[in-house]
């Protein structure tokens, strides 16, 4: 977590995404070239230094999210957005997969106007792709403050391998079913 508090070098940027439980959002980014660190945490809420229990109670307005510190010389924000869209159900505004409620909503939190522009374009592209029958509900918001989660939440996929694998398998099955539905929708839309 110390990287969260360090100043960014000129080639470093931060991306903040929410897409259900933050445990599942770390590994897909963490293993990519150019990723310096992926930190689980909370953002979007009304109190300072929220705890997991406070966020889980869904009374603070915080959303579980990940802060990705990346080397923009090796990976772009646009590439991170593409990966983000592949990890979530963009039509579910009440959580993601088994994680339900306000603290699990899918949100792209932007840190500057360039990210805002790219995030809006990626959402428009997703809408225009007509891959989904339901509306795309991913919100795009300016990040006010990112609060790192407690240490036991950091690198969950490394510390709790079997539990993480079970969660990951469940998400993978759901995403595969979602992709199948999208493919069927495309087939029948083209034929119709």
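Numbering (our numbering), first residue to last: 15 to 206.
Just so you know, even glycine gets a beta-carbon here, dropped at the ideal spot from N, CA and C.
Keep in mind the model is a prediction, meaning the values are calculated, not measured.
Element boundaries [beta strand (DSSP E), containing residue i]
i           : result
residue 70  : Run containing residue 70: none in the beta strand (DSSP E); it sits in the alpha helix (DSSP H), 66-70.
residue 53  : 49-57
residue 79  : 77-85
residue 139 : That residue, residue 139, is in no beta strand (DSSP E); its alpha helix (DSSP H) goes 127-142.
residue 123 : 121-124
Cβ distance (whole Å) where residue i is taken to contact residue j below 8 Å
i           : j           : result
residue 123 : residue 79  : 6 Å
residue 168 : residue 53  : 7 Å
residue 77  : residue 117 : 5 Å
Beta-carbon spacing of residue i, residue j below 8 Å
i           : j           : result
residue 47  : residue 88  : yes
residue 29  : residue 91  : yes
residue 113 : residue 34  : yes
residue 40  : residue 104 : no
residue 32  : residue 121 : yes
residue 86  : residue 166 : no
residue 155 : residue 59  : no
residue 132 : residue 101 : no
residue 84  : residue 49  : yes
Reference residue i; option with closest CA among the options
i           : options              : result
residue 160 : 75, 38 and 42        : 75
residue 163 : 96, 36, 132 and 156  : 36
residue 93  : 116, 146 and 43      : 43
residue 51  : 129, 133, 144 and 17 : 17
residue 260 : 165, 22, 69 and 63   : The chain is shown only over 15 to 206; residue 260 falls outside these bounds and no answer can be derived.
residue 19  : 45, 38 and 55        : 55
residue 143 : 21, 119 and 99       : 99
Residue i: first and last residue of the uninterrupted alpha helix (DSSP H) it sits in
i           : result
residue 43  : 37-44
residue 154 : From DSSP, residue 154 is part of no alpha helix (DSSP H) but of the beta strand (DSSP E) over 153-156.
residue 97  : 91-101
residue 19  : 16-19
Per DSSP, cross-strand counterpart(s) of residue i
i           : result
residue 169 : Looking at the DSSP assignment, residue 169 forms no beta bridge with any residue, so it has no partner.
residue 112 : According to DSSP, residue 112 bridges with nothing at all.
residue 27  : 84
residue 162 : 55
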